[in-house]
Amino acid sequence: MGGNCVKKTVIALLSVSCLGSLALVSGALADPVDEGLSIDGQEMITVAPAPSEPEGHPFDEVRSGWLYREAETRQVESDSFENPGMLNVERGEEIWNTVEGAAGKSCATCHEDASESMAGVGASYPKWDAANSRPINVELQIDACRTEHMQAEPYKFDAQDQKDLTAFIKHQSLGTPVEVDLAAGEMMSWWERGKERYYLRTGQLNLSCASCHEDNNGRYIRADHLSQGNTNGFPTYRLKQANLVSLHNRFRGCIRDTRAEFPKAFSDELMALEVYTAWRGGGLSVETPAVRQ
C-alpha cells in the first residue's frame, strides 16, 4: 500500500513536470513589436547590441520587456501622467527629503538635489562594495546610508518606503543605458555564480530562468508574452498587483512558480543573479518605473 502511494506520487510529480515543460514549448511564437519608446519626450533605448564581454551572451540583441507588452500597457508606461508608478516616485521624493534617525538627517542632507546627484547612478547598480566584499544594489545602499549616516533603522525587505525611494533614485537615471562594472573587485566571480543560478533547473516543474526567458523567449504562456527577462525597469509597476514590484520580489516569485523553495532577498544567491541579469540587459535604458501586466 505504502509503495503504491509513493509510486503514484512520483508519477504525479513527473506528470506536472512534463505538463509544465509542454505548456512552455507549445505556446504560440510572436515577435516583439517594432516600436520606439519615448517617455516625456526622451527616447529610450529598447533594443541594443548584446554585451560582447564576457563572451557568450545568448542573444545578438537585447530587448526591453516593454516591446513584449500589450498596446495599452505600452501606452501607460510612455506617459508619466498615466503611469501609476509615478505616484510612488513622487512619494519617494518625499522620503528623500524627510529627516529620519538620531543623526537628524535626510537623504537630501548629504546628496541635495537628486536630479543632479543621482543622475546616472541607478544605471550602474549592482556594483562592488569593497567594505563588505560583495555586490550591493540600490536597496542595500539605501540601508547602508540609513544605518551609517542617518542612524536610522534599515528598511524591512519590500517595505513600501523602500520600494518608493528606490524607484525615485533609479528614476533619476531614466534613459541612461545600464552598465555594470564587472572589472571591479570580485564582480566576475559573482557574475559566474549568477550565470550558474540562471541556468539551474529547480522545483517540481524543473525549470530555470533560461527556460522561459531564453529557450522560450517570444512565446506566449498563460496569455503572457515571454520577454528576455531584462531588469532595466525595476522597481516595476505591475498592473495586476496595483503596486511596485521589486526585483528580488520578482526573482523569488519566479522561483516559487517552479514550485521550489525561494532564497532570502538580498542573499548571496540572489545578489549574484542580479549581477548576471543586469549584465544580460546591458545597454538598455533605465525605464524605472516600467509598467508590466
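Positions -30 to -1, 1 to 263 (mature numbering (1 follows the signal peptide of the UniProt record, and there is no 0)) are the ones given, in order, by the sequence shown.
Heads up, the beta-carbon is just placed ideally off N, CA and C, and yes, glycines get one too.
Item, Value
"Cα-Cα separation between Lys140 and Ala(-1), rounded to whole angstroms", "31 Å"
"Contact with chain D by His81, beta-carbon distance below 8 Å", "Among the chains in the structure shown there is no chain D, since it carries only a single protein chain."
"DSSP three-state assignment for Ile112, whether helix, strand or coil", "helix"
"Contiguous beta strand (DSSP E) assignments of at least 3 residues, all confined to the region 50 to 112", "97 to 99 and 104 to 106"
"For Asp194, the three-state DSSP class (helix, strand or coil)", "strand"
"Buried or exposed (CB count within 10 angstroms, at least 16 for buried), Ser(-5)", "Its pLDDT being 48, under 50, Ser(-5) is placed unreliably in this model, and the coordinates cannot settle the point."
"Burial state of Ala260 (16 or more Cβ within 10 Å)", "buried"
"8 Å Cβ cutoff met for Ala248 and Thr201", "yes"
"Distance, Lys97 Cα to Val245 Cα", "8 Å"
"Sequence-distant residues of its chain with Cβ nearer than 6 Å to Val69 (five each side left out)", "Ser76"
"Where Gly158 falls, given that 16 or more other Cβ within 10 Å makes a residue buried", "Checking the sequence shown, residue 158 turns out to be Met, not Gly. Answer is exposed; the Cβ neighbour count stays below 16."
"Through-space distance from Ala18 to Ile9, alpha-carbon basis", "18 Å"
"Closest residue to residue 266 among Leu243, Ala153, Leu152 and Met88 (Cα-Cα distance)", "In the structure as shown, the chain begins at -30 and stops at 263. Residue 266 is therefore absent and cannot be evaluated."
"Where Ala93 falls, given that 16 or more other Cβ within 10 Å makes a residue buried", "buried"
"For Pro124 and Phe221, the rounded distance between their alpha carbons", "21 Å"
"Candidates Leu57, Asn187 and Val91: closest to residue 271 by CA position", "Since the first residue of the chain shown is -30 and the last is 263, residue 271 is not available in this structure."
"Where Glu257 falls, given that 16 or more other Cβ within 10 Å makes a residue buried", "buried"
"Spatially closest choice to Gly252 from Gly62, Asn102 and Pro24, by CA coordinates", "Pro24"
"Beta-carbon gap between Asn53 and Tyr190 smaller than 8 Å", "no"
"Helix, strand or coil at Ser(-10) according to DSSP, with G and I counted as helix", "Annotation note: pLDDT 47 at Ser(-10) (below 50); position unreliable, no value reported."
"Leu240 - containing alpha helix (DSSP H), residue span", "Asp238 to Arg250"
"Exposure label - Asn102; buried when at least 16 CB within 10 Å", "exposed"
"Rounded straight-line distance, which links the Cα of Arg262 to that of Trp66", "26 Å"
"Spatial distance of Asp(-3) from Tyr38 (CA atoms)", "Note on identity: in this sequence residue -3 is Ala, with Asp being the wrong assignment. If I take the Cα positions, the gap works out to 13 Å."
"Nearest candidate by alpha-carbon position, reference Gly6, set Ala41, His27 and Ala20", "Ala41"
"Proximal residues to Thr117 (C-beta, below 8 Å), its chain only, five neighbours per side dropped", "Glu123 and Pro124"
"Burial state of Phe51, where buried means 16 or more other Cβ atoms lie within 10 Å", "exposed"
"Residue of Ala235, Glu166 and Asp30 minimising C-alpha distance to Val215", "Ala235"
"Neighbourhood of Ser34 by C-beta distance below 6 Å, restricted to the same chain and skipping five residues each side", "Thr16 and Leu254"
"Distance, Arg61 Cα to Arg227 Cα", "The amino acid occupying residue 227 in the given sequence is Asp; Arg does not appear at that position. In a straight line, the C-alpha of Asp227 is about 31 Å away from that of Arg61."
"Those residues which DSSP pairs with Ala18 across a bridge", "Val32"
"As assigned by DSSP and simplified to three states, the class of Arg262", "strand"
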